Amino acid sequence: MFSYILRRIVGMVPILLVITVIAFLFVHLTPGDPIRIMYGAEIDQETYQQMRAREGFDDPMVVQYGRYMMNMLQGDFGISYRTRSNVSDEIIRRFGYTFVLTVLSMIWALVIGITVGIISATRRNSWMDRTGMVTTITALSIPEFWFGLMIMQIFAVQLGWFPTSGSGTWIHLMLPSLTLGFGVAATIVRFTRSSMLEVLREDYVRTARAKGQSERVVVWSHVLRNALIPVVTMSGLQFGFLIGGAVVVEQVFAWPGLGSYLIDSILNRDYPVIQALILLFSFQFLVINLLVDISYAWLNPQIRYH
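So this is what it looks like as structure tokens:
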């Protein structure tokens with residue numbers, strides 16, 4: 013297992029290197045001049061040239077990329093063009109907000125998704141199964157920003173149960189976490205149901221029933237553990253998407269996480285921030301995939317990595 017994990021970690025290095033190249037080219041080839049955005053269109057030409065020289069924009073692209081990589085390898089992601097603050101410090105400060113939001117969203121999604129999926133599979137073609145499937149299709153069809161605005165209007169504006177935006181207490185987390193986990197829960201329901209139905213047709217399940225074991229024991233002891241393997245795979249991928257995909261929800265609820273930070277940085281062509289966040293989201297996704305693969309050995313002892 014250790015050698016497998018080590019190989020996976022080493023394999024991340026070239027992937028992250030390619031991502032740095034893509035992120036660097038993406039931000040530098042995107043139309044827009046960060047100097048004009050920072051200082052306004054009225055800046056005089058002499059000052060404009062001085063600012064470009066100070067930020068290194070007059071150097072060839074290869075030189076700029078080399079400087080970026082040298083600084084990054086030393087743990088320096090640069091200074092934000094917009095706020096003049098250290099990018100690493102700002103990311104560390106905001107990461108906790110995004111992480112807490114995505115973890116709570118994933119908890120909602122797993123609890124609701126697996127529970128509804130099990131009920132739908134064990135009561136196939138019943139009214140509960142049909143209701144669950146209709147609800148999941150509806151949830152997958154609704155855009156996150158629209159759902160967020162609707163529950164904000166109902167539970168925050170009309171009923172006054174929750175604040176409309178901001179952060180500070182666990183109450184501020186409720187609406188954005190439900191919004192972010194809503195679509196993921198629907199996906200987990202579908203995966204859990206289909207995986208459960210497939211396992212329920214296996215011979216060892218019929219054997220367990222023939223031995224007189226109760227349906228509850230069959231489902232929870234024999235079926236669920238084997239059915240969870242594809243669900244864990246999909247949930248891990250969804251969690252990776254949630255961390256990078258909380259952009260819209262954070263904007264709707266004014267949540268001070270990495271998503272809103274990324275949007276503000278893109279609008280202001282804040283190159284150091286955009287590059288750092290793209291690399292961070294990619295690294296998180298690779299780590300989550302590794303953790304998902306490792307979890308297979310825990311769910312199924314027959315799986316061994318060498």
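Residue numbers (our numbering): 13 to 318.
Note that beta-carbon positions come from the ideal geometry of N, C-alpha and C, so glycine has one too.
Quick caveat, the model's predicted, so the values are computed rather than measured.
Query, Result
"Distance cutoff 9 Å, beta carbons only. Does GLY125 sit that close to anything in chain D?", "Among the chains in the structure shown there is no chain D, since it carries only a single protein chain."
"With a cut-off of 8 Å on the beta carbons, I'd call LEU254 and LEU192 a contact; round off their distance for me.", "6 Å"
"Could you give the distance in angstroms between the alpha-carbon of VAL243 and the alpha-carbon of SER207?", "8 Å"
"Does the separation of the CB atoms of ASP305 and ARG94 fall below 9 Å?", "no"
"Any idea which residues DSSP pairs ASN98 with across the strands?", "ILE91"
"What whole-angstrom Cβ distance do GLY160 and VAL264 have, given they're in contact under 8 Å?", "4 Å"
"Can the beta-carbon of PHE38 be found less than 9 Å from the beta-carbon of GLN76?", "no"
"Is it true that the CB of GLY144 sits closer than 9 Å to the CB of ARG237?", "no"
"Quick check: the Cα distance between GLN250 and ILE27, rounded to an integer number of angstroms?", "20 Å"
"Which residues in the same chain as ARG202 place their Cβ atom closer than 7 Å to its Cβ, once the five residues preceding and following it in sequence are excluded?", "THR148"
"Tell me which same chain residues have a C-beta within less than 7 Å of the C-beta of GLY90, skipping the five on either side of it?", "ASN83, VAL99, PRO284"
"As a quick exercise: from PHE167, ILE290, THR114, ILE119, pick the residue whose alpha carbon is nearest that of VAL261.", "THR114"
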